[in-house]
Structures are given as C-alpha cells and as structure tokens.
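*Asks:* Chains A and B are the protein sequences, given in the same order.
With this note's numbering, the residue at position 183 of the first sequence is 183, and numbering never jumps.
Converting from the second sequence to this note's numbering requires adding 1000 to each position, the first position being numbered 1.
Let me give you the structure first, and then I'll get to my questions.
There are 2 protein chains.
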Amino acid sequence: MKTLGVIGGMGPVATVAFLERLQALTPATRDEDHIRVLADIHPRIPNRHTEPEAAGEEIGWIAVRLAAMGTEVLAMPCNTAHAHADRIRAAGVPFIDMIAETVKVVADAGGRRVGVLATPGGEALYVAALTAAGMTPVVLEGQDRAAFMSAIFGVKGGEAERSRAEIIRLARALETAGADHLIGGCTEVPLLLKAEDVSAPLTDSAEVLAAACVAACA
Amino acid sequence: MKTLGVIGGMGPVATVAFLERLQALTPATRDEDHIRVLADIHPRIPNRHTEPEAAGEEIGWIAVRLAAMGTEVLAMPCNTAHAHADRIRAAGVPFIDMIAETVKVVADAGGRRVGVLATPGGEALYVAALTAAGMTPVVLEGQDRAAFMSAIFGVKGGEAERSRAEIIRLARALETAGADHLIGGCTEVPLLLKAEDVSAPLTDSAEVLAAACVAACA
C-alpha cells in the first residue's frame, strides 16, 4: 500500500466528498485496509481564476511539503488547478492527473461528442485533452458559462438547492447541443448532479480520480 | 484563523465524518471562510487496544510531524487514543482534549448519571473525567461490553445496519440502568446512533470536538 497525498481545499467540501468516495471505493473490511492519506485541505490557496500565478506557486509548495512528509502518490481533487500540474510534478512524486484519467474513461466508454461541465480554466484543459484524444468537446455557451460559475459558488456557499436545479439545466443544455456523453469536470459537480438527472452517460471526474487513487495505492 | 492538525485514521471513516461535521459547523459562505486542515488519516496506527505502547509512539510522531508542518492546534477524533494525549502535548502545540471537552458539555447540560458508550480504553478515560467532575458514570456490563466492540468493528467493516440496531439496544440498556444523559464516547458512534434513537440527551464526542475546533480555529 502507498501513502496518498491530497492537495485539497479547492473547495474544502468537495475535498471531503472526494475522501469519502476514496474510502467507499477501497476494498476494506477493517481500518487497516484503508489507504493512508495525508491531506492539506487549504481553503485559502490564491484564486485559481484571478490569481493563477500565485495559486500555482502555493500548489507547488503544498506538493513539495506533502512529498517531504513521505507521500508516495499525489492527487488534487480540483480540475481547474490542474493548469498547475507541472508544479506538482516538480515535487518528484507520481501525480495522478484527474483530467487525463477522466478523458481516458470517457474514451473507453465510447464518448464522441463530449459535454464538459467545468470552470473556464478546467474547460480549457478538457477541450485540449478531448481533442487530442480524437473526441469533440461540447461546451457551455454565452450566459450559461456565468450561470455555471454562479451555481458552483452557490454550492460552496451552502445554496445547494438553487445550484442543483441550475446544474441540471446546464447539463441538459449540453445534451441539447449534441453531447452523447457528459463530464462532471469540476469537483463540486457531484455535490449537485447525479447520473439519473441526465440521459447521456455522466463521467464524474472526482469519482474517476478516487478510483485511480485506489488502483495506485490500495 | 488557525491551521488545524488532525491525527486521524482511528478509524478512517470516522475521521472523514468528523471533517464533514467540522465544515458543517464552520460559519462559511465561501471556500476562504473554512479552516485549513492538515490531516494524517493513518489507518495503520498500531492497535490502541492490544498494542498501546506502539500506538502511543506512532501518535506522538504524527503530532510532531503535524506541528512541524505548521499546524497551530491539534485534535484527534478517537476517544480511545486519548490515553496518549501526553504524547501529543509533547509536540508543543495546543491540543484540544475531546474527553475533557465532552465532559464539560455534559456538565453544563446538567448531566448527573451519565451513560458512556465507549471502548474499554475510552470508557476508563470518561469514568475518570466524569467522576472528577462530580458526575456518576454508568457503563455497559457483562456481555454488552463485547457487543459494543463487535458493533464498532462491524461499522468499520461496512456492516452498518446490524451495528446500528445493536448500538441502539446498548444505549437503551444504559438508560434502563439509570443514565439521565448519554455520551457517544467513540467516534464511530455517530455513524450509528442519532439523538432521536434514545430518550436521554445524547452528547456526541465527535460533534463536541468539531465545535471546539471551530471555536479555536475559525
């Protein structure tokens, strides 16, 4: 078994939901079967949207510190922050890339026109990765881009009900725009959207990352 | 705001449930309002019941490492392991004592004959603290002591339903034995027992610890 380092806090509630998924996916019948996790749940990492340079620097430091603490695998349950994946890899510990893992799962599931529910930063990463893998990304347009961010900040602030209705509407808008598969490409999405809310298959990036961490560490 | 260090993994599921309670009790309308947490969720700390010396040594090391990482307050969501509180205090960072905090809450609530749902190790700590505070502890007797441990190991192993029925039976046995107040003195108890399952007021040690951490750090 390997010790997993979790670069968390983006956001904090999504990180704890990720830790829950990790435990639920671990084949365990007693405490000792679970993965050891060192988590830095840091809710004041500089804003990934407005201060990307400062955010990248802080994320890089967290990775270095977790590596120094003896973590053998690193993961970060925040898609947007994967823009700084190189800073994490610089810590010299294997890093499980949530964007790459998620796109692999979607390709294996036969996705072709893939709708992306993500922040602008996360979306850019998914658009590049999906295109490189020969799939066609389908993204939110116009006002719906701001509506997505508003829903995500809503659930961070505890307004789950309003946010939930809005995310379902946006997921269905991607289906209407021709998506045959959907990616929950923001770790707050599974706090709001369930597979049964949509017709197309939904691949949740947090769930993919949790499963990849179990495969790498358990 | 202060950074909280969490000595976790005893058990891992209880630790993540504790982190959830911590977030739920934090007055937050955005990510930045949450407490930064460095958590070592270590499910292979030596057994607190059968290898207390080795467990204490490992717990002491975790505290030292979390202190070196810059945590300003330490907490450990495992009652049994509080037998090693001195090892944690030796790290030189303020440690929130879950047993002491819980007994304080029960005293303030007017508890007099206080039923304790805990492992033998945790029970001994509560009996001493309740007695010192002038209250009368009420403990499980005979076969019920083994039944409690079996229920706790059951929920750790994913058998929540059977364990839940058993914990409710044991809590009611403490009421029958004269308890006017109950302590959920094991962090697995809130995974199983709710306030509405019993007649006497129930004070959950994990909830008390989460509230004390919010008061100390947020």
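The C-beta atom is built at its ideal place from N, Cα and C for all residues, glycine as well.
Check A/R169 in the structure and name its three-state DSSP category.
*Replies:* In the structure shown, A/R169 sits in a helix (DSSP, three-state: H, G or I).
*Asks:* Taking B/A1151 and B/E1175 to be in contact with their CB atoms under 8 Å, please state how far apart those CB atoms are, rounded to whole angstroms.
*Replies:* That pair is no contact at about 17 Å.
*Asks:* Just the C-alpha distance for B/P1046 and B/I1168, rounded to the nearest angstrom, thanks.
*Replies:* If I take the Cα positions, the gap works out to 29 Å.
*Asks:* Does the structure place the region 1012–1032 of chain B close enough to the region 12–22 of chain A that three or more beta carbon pairs sit under 8 Å?
*Replies:* Because the criterion of three Cβ pairs below 8 Å is met, the region 12–22 of chain A and the region 1012–1032 of chain B touch.
*Asks:* Is there at least one non-hydrogen atom of the ligand MG closer than 7 Å to the beta-carbon of B/E1072?
*Replies:* Absence of the ligand MG is noted for the structure shown, with no ligands found whatsoever.
*Asks:* Which term fits B/D1086, buried or exposed, when burial requires 16 or more other beta carbons within 10 angstroms of its beta carbon?
*Replies:* The residue in question, B/D1086, is exposed, as its Cβ has fewer than 16 Cβ neighbours within 10 Å.
*Asks:* Residue ranges of each beta strand (DSSP E) run of no fewer than 3 residues wholly in the region 138–187 of chain A, ordered along the chain?
*Replies:* Those beta strand (DSSP E) runs which fall completely within the region 138–187 of chain A and span 3+ residues are 181–184.
*Asks:* Can you tell me the Cβ-Cβ gap for B/L1004 and B/V1105, rounded? I've got them flagged as a contact below 8 Å.
*Replies:* Contact flag wrong, Cβ pair sits at about 19 Å.
*Asks:* Which whole-angstrom value describes the C-beta separation of B/G1184 and B/L1170, a residue pair presumed to lie in contact below a C-beta threshold of 8 Å?
*Replies:* That belief does not hold up - the Cβ atoms of B/G1184 and B/L1170 are roughly 11 Å apart, past 8 Å.
*Asks:* Can you give me the Cβ contacts of B/M1069 inside the same chain, cut-off strictly under 8 Å, excluding the 5 residues immediately before and after it?
*Replies:* These residues qualify, in order along the chain: G1005 and L1038.
*Asks:* Residues in its own chain within less than 7 Å of A/V155 by CB, not counting five upstream and five downstream?
*Replies:* Within the same chain, A/V155 has close Cβ partners S163, E188, L191 and L192.
*Asks:* Return the CA-CA distance between A/A195 and B/G1009, expressed in angstroms with no decimal places.
*Replies:* One C-alpha to the other measures close to 31 Å.
*Asks:* Between which two residues does the alpha helix (DSSP H) holding B/R1065 run?
*Replies:* Segment P1052 to A1068, the alpha helix (DSSP H) holding B/R1065.
*Asks:* Between the alpha carbons of A/A173 and A/L140, how many angstroms are there, rounded?
*Replies:* When rounded, the distance between both Cα atoms is 8 Å.
*Asks:* Give me the Cα-Cα distance between B/A1211 and A/T102, rounded to the nearest whole angstrom.
*Replies:* Taking the straight line from one Cα to the other gives about 37 Å.
*Asks:* My understanding is that A/H84 touches A/G56, with C-beta atoms under 8 Å, so please give their C-beta distance in whole angstroms.
*Replies:* Between A/G56 and A/H84 the Cβ distance is about 4 Å, and since that is below 8 Å, they are a contact.
*Asks:* DSSP puts B/G1115 in a beta bridge; with which residues?
*Replies:* B/V1138 and B/L1182.
*Asks:* Taking the alpha-carbon positions, what's the B/H1034 to A/R36 distance?
*Replies:* If you take the alpha carbons of B/H1034 and A/R36, they lie about 23 Å apart.
*Asks:* In chain order, what residues of the same chain have a beta carbon less than 7 Å from the beta carbon of A/V198, not counting five sequence neighbours either side?
*Replies:* A171, R172, E175 and L182, listed in sequence order.
*Asks:* Which complete alpha helix (DSSP H) runs does the region 1078–1130 of chain B hold, if anything under 4 residues is left out?
*Replies:* With a minimum length of 4 residues, the continuous alpha helix (DSSP H) runs that stay inside the region 1078–1130 of chain B are 1085–1089 and 1098–1108.
*Asks:* Closest Cβ-Cβ distance between A/T29 and chain B: below 8 Å?
*Replies:* Cβ-Cβ to chain B under 8 Å: yes for A/T29.
*Asks:* In the DSSP output, what is B/V1006 paired with across the bridge?
*Replies:* DSSP output for B/V1006 lists B/A1039 and B/A1075 as bridge partner(s).
*Asks:* State the DSSP-derived secondary structure class of B/L1193, mapped to helix, strand or coil.
*Replies:* Coil at B/L1193, not helix or strand.
*Asks:* Just to confirm the assignment, what range does the alpha helix (DSSP H) spanning A/T15 have?
*Replies:* Segment P12 to L25, the alpha helix (DSSP H) holding A/T15.
*Asks:* Using beta-carbon positions only, say whether B/G1157 and A/T26 come within less than 8 Å of one another.
*Replies:* The answer is no: Cβ separation not under 8 Å.
*Asks:* Distance check for A/I99 and A/V214, CA to CA, integer angstroms please.
*Replies:* Roughly 17 Å separates the two Cα atoms.
*Asks:* Could you name the residues of chain B that A/G49 contacts, counting a contact when the two beta carbons are closer than 8 Å?
*Replies:* What sits at residue 49 of chain A in the sequence shown is His, not Gly. Those within 8 Å of A/H49 in chain B number zero; the least Cβ separation is about 12 Å.
*Asks:* Is the Cβ-Cβ distance between B/I1062 and B/D1040 less than 8 Å?
*Replies:* Contact: yes.
*Asks:* Going by C-alpha distance, which of A/A91, A/V127 and A/A132 is nearest A/V138?
*Replies:* The option with the nearest alpha carbon to A/V138 is A/V127.
*Asks:* With respect to the alpha helix (DSSP H) encompassing A/S199, which residues constitute its N-terminal and C-terminal limits?
*Replies:* That residue, A/S199, is in no alpha helix (DSSP H); it is neither H nor E in DSSP.
*Asks:* Identify every residue that forms a DSSP beta bridge with B/T1029.
*Replies:* BP columns for B/T1029 are empty, so no partner.
*Asks:* Keeping to the same chain, check which residues put their C-beta closer than 8 Å to that of B/I1088; ignore five residues upstream and five downstream.
*Replies:* For B/I1088, where only same-chain residues beyond five positions count, the Cβ hits under 8 Å are I1007, I1059, G1060, A1063, L1074, M1076 and F1095.
*Asks:* Tell me whether the beta-carbon of A/P43 lies closer than 8 Å to the beta-carbon of B/E1032.
*Replies:* In contact: A/P43 and B/E1032 (Cβ atoms closer than 8 Å).
*Asks:* If you measure from the beta carbon of B/G1142 to each beta carbon in chain A, is any gap under 8 Å?
*Replies:* So no, B/G1142 is outside the interface.
*Asks:* Between B/G1009 and chain D, is there a C-beta pair that is closer than 8 Å?
*Replies:* No chain D appears in the structure shown, which is made up of the protein chains A and B.
*Asks:* Determine, using beta carbons only, whether A/L19 comes closer than 8 Å to chain B.
*Replies:* So, interface residue.
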